[in-house]
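The UniProt record's numbering puts the sequence shown at residues 1 to 114. Virtual Cβ for every residue (Gly too), placed ideally from N, Cα, C. Since the model is a prediction, treat every value here as computed from it, not as a measurement. Only one structure is covered here, and it is reproduced in the block below.
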Amino acid sequence: MKPAAQSVAPAPCAVNNVKKDDGSKVEDRSVSSDQLVPDSAWTVADVASYFSAAGFPEQAVAFRTQEIDGKSLLLMQRSDVLTGLSIRLGPALKIYERHVKVLQRTHFLECEDL
């Protein structure tokens, strides 16, 4: 009998406080390059959990609904995140720029090193 697969999804990096133009502070949760990258082992649940932990619980539902797993996440383009997931523009931009793009860049840089 095969052992149950373990989740390999990383948690997003630590929270950074960013000062907005009006002087107020907002939390910024971005991926750091030392995080594990998504691959074929990431499940839909892993991706949804990742974005929930990153501060996007409402948007994580969209990733689950659209059945985005690790492979799909690595193939996503900007337009997929901004329009394909049917989520609000502000969170979609943050998700793409601070998470999807960084995870893709990290993944493909590591693949080049192999």
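8 Å Cβ cutoff met for residue i and residue j
i: residue 73; j: residue 103; result: yes
i: residue 44; j: residue 58; result: no
i: residue 82; j: residue 62; result: no
i: residue 80; j: residue 42; result: no
i: residue 54; j: residue 99; result: yes
i: residue 87; j: residue 51; result: no
Helix, strand or coil at residue i [DSSP, three-state]
i: residue 58; result: helix
i: residue 46; result: helix
i: residue 88; result: coil
i: residue 41; result: coil
i: residue 69; result: coil
i: residue 77; result: coil
i: residue 53; result: helix
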